[in-house]
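Here is the structure we will look at.
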Amino acid sequence: MSIELKNVSKRFGNVAAVSAVSFSVNEGELLALLGPSGGGKTTVLRMIAGLEMPTEGDIHVRGQRVNDLSVQQRNIGFVFQNYALFKNMNVFKNIAFGLKIKKWRRADIKARVAELLELFGLQELEKRYPHQLSGGQRQRVAIARALAPKPGVLLLDEPFGAVDAKIRQELREWLVTLHHELNVTTIFVTHDQEEAMEVAHRIVIFSRGNLEQIGTPREVYEQPANEFVARFIGVMNVLELDVCKGVARLNELEFPPHGLPDGQRLRIGFRPYSVQISSDLKAYRYRAILRHTYFLGIMLRVELELPSGLLIRARMTKEEYAFQGLDDGKEVSFQIRQYRVLAHEGERLAPEVAVTHDVPVALGEGI
Amino acid sequence: MAGALSTDTDTIRRRTSRAQSQRGTEEPPLIKWALIAIALAFSLVFLLLPLVNVFAQAFSKGLHVYWNSLIEPDSWAAIRLTLIVAAITVPLNVLFGAAAAWAIAKFEFRGKSLLTTLIDLPFSVSPVVAGLMFVLLFGRQGYFGQWLDAQSIKIIFAVPGIVLATIFVTFPFVARELIPVMQASGSEQEQAALTLGASGWQTFWHVTLPSVKWGLIYGVILCNARAMGEFGAVYVVSGHIIGQTDTMPLRVEQLYTEYQGAAAFAIASLLALLALLTLGLKTVLEWKQARAYALAQRAVE
Numbered sequence: 407m408s409i410e411l412k413n414v415s416k417r418f419g420n421v422a423a424v425s426a427v428s429f430s431v432n433e434g435e436l437l438a439l440l441g442p443s444g445g446g447k448t449t450v451l452r453m454i455a456g457l458e459m460p461t462e463g464d465i466h467v468r469g470q471r472v473n474d475l476s477v478q479q480r481n482i483g484f485v486f487q488n489y490a491l492f493k494n495m496n497v498f499k500n501i502a503f504g505l506k507i508k509k510w511r512r513a514d515i516k517a518r519v520a521e522l523l524e525l526f527g528l529q530e531l532e533k534r535y536p537h538q539l540s541g542g543q544r545q546r547v548a549i550a551r552a553l554a555p556k557p558g559v560l561l562l563d564e565p566f567g568a569v570d571a572k573i574r575q576e577l578r579e580w581l582v583t584l585h586h587e588l589n590v591t592t593i594f595v596t597h598d599q600e601e602a603m604e605v606a607h608r609i610v611i612f613s614r615g616n617l618e619q620i621g622t623p624r625e626v627y628e629q630p631a632n633e634f635v636a637r638f639i640g641v642m643n644v645l646e647l648d649v650c651k652g653v654a655r656l657n658e659l660e661f662p663p664h665g666l667p668d669g670q671r672l673r674i675g676f677r678p679y680s681v682q683i684s685s686d687l688k689a690y691r692y693r694a695i696l697r698h699t700y701f702l703g704i705m706l707r708v709e710l711e712l713p714s715g716l717l718i719r720a721r722m723t724k725e726e727y728a729f730q731g732l733d734d735g736k737e738v739s740f741q742i743r744q745y746r747v748l749a750h751e752g753e754r755l756a757p758e759v760a761v762t763h764d765v766p767v768a769l770g771e772g773i
Numbered sequence: 076m077a078g079a080l081s082t083d084t085d086t087i088r089r090r091t092s093r094a095q096s097q098r099g100t101e102e103p104p105l106i107k108w109a110l111i112a113i114a115l116a117f118s119l120v121f122l123l124l125p126l127v128n129v130f131a132q133a134f135s136k137g138l139h140v141y142w143n144s145l146i147e148p149d150s151w152a153a154i155r156l157t158l159i160v161a162a163i164t165v166p167l168n169v170l171f172g173a174a175a176a177w178a179i180a181k182f183e184f185r186g187k188s189l190l191t192t193l194i195d196l197p198f199s200v201s202p203v204v205a206g207l208m209f210v211l212l213f214g215r216q217g218y219f220g221q222w223l224d225a226q227s228i229k230i231i232f233a234v235p236g237i238v239l240a241t242i243f244v245t246f247p248f249v250a251r252e253l254i255p256v257m258q259a260s261g262s263e264q265e266q267a268a269l270t271l272g273a274s275g276w277q278t279f280w281h282v283t284l285p286s287v288k289w290g291l292i293y294g295v296i297l298c299n300a301r302a303m304g305e306f307g308a309v310y311v312v313s314g315h316i317i318g319q320t321d322t323m324p325l326r327v328e329q330l331y332t333e334y335q336g337a338a339a340f341a342i343a344s345l346l347a348l349l350a351l352l353t354l355g356l357k358t359v360l361e362w363k364q365a366r367a368y369a370l371a372q373r374a375v376e
């Protein structure tokens with residue numbers, strides 16, 4: 407266990423930025439802290455670095471409690487959102503700064519900086535000043551500077567936030583490669599779920615200072631712990647149903663009550679790809695009008711309007727769409743193949759409920 | 076790419092349209108030259124002519140008289156006192172100014188806007204009033220007068236009073252130059268230095284100071300010019316004791332009222348020289364900053 411947070415809270419005055427957060431990071435892991443802005447993820451990162459002190463709780467690094475260690479003593483590499491390069495120093499001096507402070511021998515500093523310049527493809531730029539570099543180059547210098555003193559942990563705050571979309575993609579792949587080569591425990595903060603899904607081994611999802619879920623990209627996508635995660639990671643249809651006479655209902659849609667008594671509300675979610683559509687009106691249980699088709703490349707997203715006016719988003723391949731002879735305005739039948747029972751924010755569900763439920767074919771078809 | 080593809084006709088069209096738009100906003104040549112002439116004439120009559128006159132008058136009775144006027148004991152004492160006052164005032168204001176600018180730029184606290192306003196106070200108070208305030212505080216009839224008398228500490232009509240009044244009037248210069256520079260650079264660079272293991276002092280020395288260097292030098296130059304040239308506030312607190320509490324500006328006035336024109340202008344020429352030097356340094360600094368900015372712009376493009 408490389409880093410462990412135990413019930414860590416942070417309050418700024420009366421505002422709780424982080425509330426009782428616990429999670430651990432494995433040695434060599436690449437972890438994303440994901441959430442909307444103001445979710446508390448940057449505060450968590452800064453507390454691990456020692457730039458903020460937790461109001462409550464403990465932070466352990468490699469078994470040692472670091473709460474009382476200063477920033478300087480924690481041996482971390484931190485990359486700031488806007489890189490915070492030293493404007494008055496050239497690339498070489500920026501990277502060498504931490505080594506000079508740690509009183510490395512001059513020859514060792516030269517060798518280490520040269521090594522990093524080569525690793526980061528910055529050899530030609532060592533004499534340049536930060537204002538003479540592009541956004542991508544600045545980021546590489548910032549990471550090289552943070553890594554120079556061989557930190558135990560690398561922390562990055564929104565590492566792709568300050569560069570334009572095209573370079574972002576390159577940098578993501580580059581970060582994954584870099585991490586693979588160096589194998590240093592890395593935590594980065596992002597508000598972009600796609601970025602987190604693509605880069606990280608595991609994702610910690612925050613919302614309003616609370617830890618909502620931690621898991622691999624696949625886990626948080628396929629088994630979202632609650633509605634917030636379900637909505638934040640990818641697209642999900644979320645329905646709120648009333649349980650009545652042993653059946654959960656919303657307009658014409660019916661689901662099993664999953665143990666809830668009459669009068670309670672059941673919340674379910676399903677991904678657009680779980681919706682199966684046919685132009686044969688007898689194929690599936692429900693009817694709807696295909697209202698709008700969005701082209702997303704190889705996949706298409708369609709919007710279904712039920713007779714009651716309820717809207718549902720579905721997803722299918724171009725081939726399937728053509729094969730079924732679908733078009734905007736056409737009446738179709740559909741079926742929800744898979745769904746999940748969702749917890750409300752901050753709520754926990756019984757383990758037998760919080761799984762993906764398959765709809766039995768017999769129950770759906772031909773009725 | 077677009078440039079490579081654009082044809083000659085494109086270029087021509089663009090050129091003509093630019094010429095037309097220029098003609099649309101440009102004033103007729105007559106107005107342009109009239110404005111330039113007025114501006115030049117004004118600065119010639121009100122700025123350059125008096126300045127030249129100072130030097131002309133100073134050297135009117137020859138180099139020998141000029142030199143003797145400067146080394147005449149009372150004048151020499153005034154020059155020395157002025158240098159001493161500046162030597163005390165400027166470092167103290169650098170210290171106060173840097174501390175105040177740091178506090179305002181990097182921290183959030185109650186009363187921050189009050190502090191910002193207070194820093195500007197000396198600019199809006201007449202220097203004579205500033206001097207008078209110190210007399211009312213530390214003068215023989217002032218609030219602390221009796222107590223100071225009992226300790227036999229002399230502030231008013233002595234060097235400490237002159238230093239106090241000078242500090243007051245020159246207080247804003249360093250702080251006002253530093254605040255925007257410090258605000259612009261934020262505190263991330265300092266935090267980055269901390270994460271790399273630097274102590275507070277190392278961070279200040281290697282990161283903070285270099286990033287505010289030009290602003291600081293600029294503030295020091297302006298502060299020094301004002302410290303040496305201050306008349307009103309110093310006039311009130313100094314008591315005008317010849318050879319003891321006379322600074323250069325006071326000495327100039329003294330000599331002039333005694334009809335020693337050449338001597339008065341000799342000392343005045345030193346002050347004028349200081350002004351020219353200040354302007355020169357200021358221009359060089361501004362040019363350097365502009366060049367650094369242009370360099371940054373070019374790099375971005």
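Taken in sequence, the protein lines are chains A and B. So the first sequence is residues 407 to 773, counted in the numbering used here. So the second sequence is residues 76 to 376, counted in the numbering used here. Glycine included, every Cβ here is placed at the ideal spot set by N, Cα and C.
Taking a Cβ-Cβ cut-off of 9 Å, Leu553/A has no neighbours in chain B, whose nearest Cβ is about 11 Å from it. Leaving aside the five residues that flank Ser260/B on each side, the residues in its chain whose CB is nearer than 6 Å to its CB run, in chain order, Ser286. Around the beta-carbon of Val127/B, fewer than 16 other beta-carbon atoms lie within 10 Å, marking it exposed.
About 17 Å separates the beta carbons of Leu351/B and Tyr293/B, which is beyond the 8 Å limit, so they are not a contact pair. In terms of beta-carbon proximity, Ala423/A stays away from the interface with chain B, with every pair separated by 8 Å or more. Remark: C-beta atoms of Arg468/A and Ser408/A approach each other more closely than 8 Å.
Chain A places a beta carbon closer than 8 Å to that of Thr270/B, counting this residue as a contact. For Phe246/B, the enclosing alpha helix (DSSP H) has its first and last residue at 234-260.
No Cβ of chain B is located within less than 8 Å of the beta carbon of Val761/A. The region 583-591 of chain A and the region 546-561 of chain A touch, with three or more beta-carbon pairs separated by less than 8 Å. Within the DSSP bridge table, the entry for Lys416/A names Val424/A as partners. Look at Leu457/A: its C-beta is under 8 Å from a C-beta on chain B. When secondary structure is reduced to three states using DSSP, His597/A falls in the coil class, being assigned neither helix nor strand.
The Cβ-Cβ distance between Gly621/A and Arg637/A does not fall below 8 Å.
Contiguous beta strand (DSSP E) elements confined to the region 139-198 of chain B do not occur, taking only those with 3 or more residues. Between Ser613/A and Gly441/A, the gap from beta carbon to beta carbon is short of 8 Å. Gln277/B belongs to the set of residues whose beta carbon lies under 8 Å from a beta carbon in chain A. Taking 4 residues as the minimum length, the alpha helix (DSSP H) runs contained wholly in the region 482-520 of chain A are 497-507, in order along the chain. Gln478/A reaches chain B at Leu269, Thr270, Leu271, Gly272, Ala273, Ser274, counting residues in chain order whose Cβ is nearer than 9 Å. Look at the beta carbons and you see the region 447-466 of chain A not touching the region 648-656 of chain A: under three pairs across the two are nearer than 8 Å.
Under a 10 Å Cβ-count criterion, Asn473/A is classified as exposed, with fewer than 16 other Cβ atoms of the shown protein chains found around its own Cβ.
Apart from the 5 residues on each side of it in sequence, Lys357/B sits with its Cβ closer than 8 Å to the Cβ of Tyr293, Ile296, Leu297 in its chain, given in chain order.
His698/A is bridged by DSSP to Glu709/A.
Listed along chain B, the residues sitting closer than 8 Å to Lys508/A by beta-carbon distance are Gly272.
Around Val256/B, the same chain offers Val287, Gly290 as residues with beta carbons nearer than 7 Å, after the five sequence neighbours per side are excluded. Beta-bridge analysis with DSSP links Leu659/A to Leu656/A. At least one beta carbon of chain B lies nearer than 8 Å to the beta carbon of Phe484/A. Three or more beta-carbon pairs separated by less than 8 Å link the region 490-503 of chain A to the region 523-536 of chain A, which places the two stretches in contact. Ser313/B and Ser274/B have their alpha carbons spaced roughly 45 Å apart. Judged by DSSP in its simplified three-state form, Tyr679/A adopts helix. Gly318/B is positioned such that its CB atom lies closer than 8 Å to that of Asp149/B.
In its chain, beyond the 5 residues on either side, Leu656, Ile674 have a beta carbon closer than 6 Å to the beta carbon of Leu645/A.
Where Gly463/A is concerned, the enclosing beta strand (DSSP E) starts and stops at 462-467.
Less than 8 Å separates the beta-carbon of Phe306/B from that of Leu325/B.
In this structure, Arg721/A keeps its C-beta atom at 8 Å or more from the C-beta atom of Pro667/A.
By the rule that beta-carbons nearer than 8 Å mark a contact, Gln258/B does not touch chain A.
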